[in-house]
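Going by numbering that gives the first Met the number 0, the first residue of the sequence shown is number 0, and it counts up by one from there.
Worksheet: one structure, shown below.
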Amino acid sequence: MTGSSPAEVDGQPVTAAQLRELLQRLDALCPGGLRAPAGGSLDIAVVDPVTGALRASVTRSELERLARRGCTIHPDGHCRCPVVDRPPGTDRYRPSAPQRRFTTVRDRTCRHPGCGNHAGWADLDHVVPHAEGGATSCENLCCLCRRHHRLETHAPGWRFEMDDDGVLTVTTPSGVRRVTRPPGMAMALDGARSLDPPCGAEPLHAGSGRSGSSAGAEPPPF
Ligand SMILES: [Zn+2]
Ligand SMILES: [Zn+2]
């Protein structure tokens, strides 16, 4: 590995060594290790360090098991084999439980531009409709609140497109485009460029206002 372009980093697998390091860092955060609250669950996001894209979502016990087991092909080597990845696609319409967890951890809120409704109340939407051949896969599922799910499904003229990392582009019937990134990616981007308006919503056209009053700058009907 000599290159360091984001595309190459994107393609790198999550290795056992990385999971062990992650576990160490979690345990350094609080004595005895970071654990789920009683009766609750703790989803740990494994994030690409450069782009902030979510690579995998694991529970504490899964993380411990995978870090301990390592690569099944090279048990004691420092290989670069993936030990965890995004949940695989399914043939069914309904997303699997791992897909639901991954997408909720990735999106956290409704992904419609400017909407901050909590993902716990959100529907998982097929960006390309299942009936039109859209896959039930994390690359084609995003969190939308009921209101925006209805808009996405029924309102004519709106276009929704999403890339493999969950970057969603919404085009209104009048041709206005907005890009929203999963919060982790928006934060990674903020590190390099601090002009982004809050909530991960980003005007496509530079110079459309950098005063920070993005809510007011957004045209209806967002
Ligand atoms: Zn290996
Ligand atoms: Zn919404």
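Ideal Cβ placement from N, Cα and C applies to all residues, glycine included.
Might you give, ordered along the chain, the residues of its own chain that have their beta carbon closer than 6 Å to the beta carbon of R107, omitting 5 neighbours on each side? A118, P182
Hey, out of N139, V166, A121, whose CA is closest to T89's CA? N139
Counting Cβ pairs, one atom from each stretch, are 3 or more of them under 8 Å apart for the segment 41-55 and the segment 81-99? yes
CB-CB length for C144 against W120, believed under 8 Å: 6 Å
If we call anything under 8 Å between Cβ atoms a contact, is T50 one with D164? yes
Rounded distance between the beta-carbons of R180 and V166, thought under 8 Å: 5 Å
Figure out for me which residue from D124, G113, P112 has the closest Cα to the Cα of R99. D124
Does the distance from the C-beta atom of A15 to that of A96 stay below 8 Å? no
C142 (DSSP reduced to helix, strand or coil): strand
Taking 7 Å as the cut-off, is the C-beta of N116 nearer than that to any heavy atom in ligand 2? yes
Work out the CA separation of A130 and S173 for me, nearest whole Å. 25 Å
By alpha-carbon positions, which one of M184, R158, F101, L25 ends up nearest to R59? L25
Taking the alpha-carbon positions, what's the L21 to H153 distance? 43 Å
If you reduce the DSSP assignment to three classes, tell me which class L41 lands in. coil
Note down, in chain order, each residue of its chain lying with its Cβ closer than 8 Å to the Cβ of V127, except the 5 sequence neighbours on either side. G133, A134, N139
So W309 and T171 are supposed to be a Cβ contact under 8 Å. How far apart are they, rounded? Since the first and last residues shown for the chain are 0 and 221, residue 309 lies out of range.
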